[in-house]
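Residue numbers (our numbering): 374 to 524.
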Amino acid sequence: MFRGANSINLDSKGRIAVPAKYRPVISESSNSHLIITCDPYDTCLLIFTLEDWENTEADLQALSNKKRNHRRLKRIMLSHATEVDMDANGRLLIPSVLRERAGLVKEVMLTGNGKTFQLWDKGRWDRLAEEDMAVLTDEELNSDDLPDLYF
């Protein structure tokens, strides 16, 4: 499970340094191979281990080509999917087309999202986090459409 938010910088070549706590898991679970693609819902990137991407890719391939929204979802995620390798120093090269799509320039946030990471422009992430905190009221947190949590 990937969790937490990490403020990091893109270097001049468009690389990020994966925080040290995640490197062993990535190395063991996918031999340092990761897939980066566009998030179809937010202006950020999704980063998958190879195994989790293959499961997602199978789900996407099972969608109907006759349904416009299915085709769009497949096009967004599959056509942008790029395999990258974490180098010996724990860095990932984020392809320029993906950096542009997500508006990544220098300061970024790598956020754990369970089985995946999201990679955000830091300013966009900060605004979204503030908005999320301001919007969710106690009443909304107690609504029937949210699961019971242990806190």
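Every residue gets a Cβ at the ideal spot worked out from N, C-alpha and C, and that includes glycine.
Quick one: what's got a C-beta closer than 7 Å to residue i's C-beta in the same chain, skipping five residues either side?
| i | result |
| --- | --- |
| residue 416 | 475, 476 and 497 |
| residue 424 | 402 and 403 |
Let me confirm a value: residue i is counted as buried when at least 16 other C-beta atoms fall within 10 Å, else exposed. Which label applies?
| i | result |
| --- | --- |
| residue 452 | exposed |
| residue 509 | exposed |
| residue 398 | exposed |
| residue 412 | buried |
| residue 506 | exposed |
Thinking residue i and residue j are a contact (beta carbons under 8 Å), I'd like their distance in whole angstroms, please.
| i | j | result |
| --- | --- | --- |
| residue 454 | residue 484 | About 19 Å; that fails the 8 Å criterion. |
| residue 388 | residue 465 | 6 Å |
| residue 391 | residue 482 | Their Cβ separation, rounded to whole angstroms, is 13 Å, which puts residue 391 and residue 482 out of contact at 8 Å. |
Measuring only the C-alpha atoms, how far is residue i from residue j?
| i | j | result |
| --- | --- | --- |
| residue 490 | residue 419 | 6 Å |
| residue 450 | residue 480 | 24 Å |
| residue 374 | residue 487 | 5 Å |
| residue 523 | residue 378 | With a pLDDT of 49 at residue 523, under the threshold of 50, the predicted position of this residue should be treated as unreliable, though the coordinate-derived value follows. Cα to Cα, the separation comes out at about 21 Å. |
| residue 503 | residue 441 | 34 Å |
| residue 432 | residue 501 | 28 Å |
| residue 457 | residue 386 | 14 Å |
Shorter than 8 Å from the beta carbon of residue i to some beta carbon of chain B?
| i | result |
| --- | --- |
| residue 491 | Considering every chain present, this structure includes no chain B. It has just one protein chain. |
In the DSSP output, what is residue i paired with across the bridge?
| i | result |
| --- | --- |
| residue 390 | 464 |
| residue 406 | 458 |
| residue 380 | 482 |
Identify, in the order they occur along the chain, each residue of the same chain with its Cβ nearer than 8 Å to the Cβ of residue i, setting aside the five sequence neighbours on each side.
| i | result |
| --- | --- |
| residue 429 | 421 and 450 |
| residue 439 | none |
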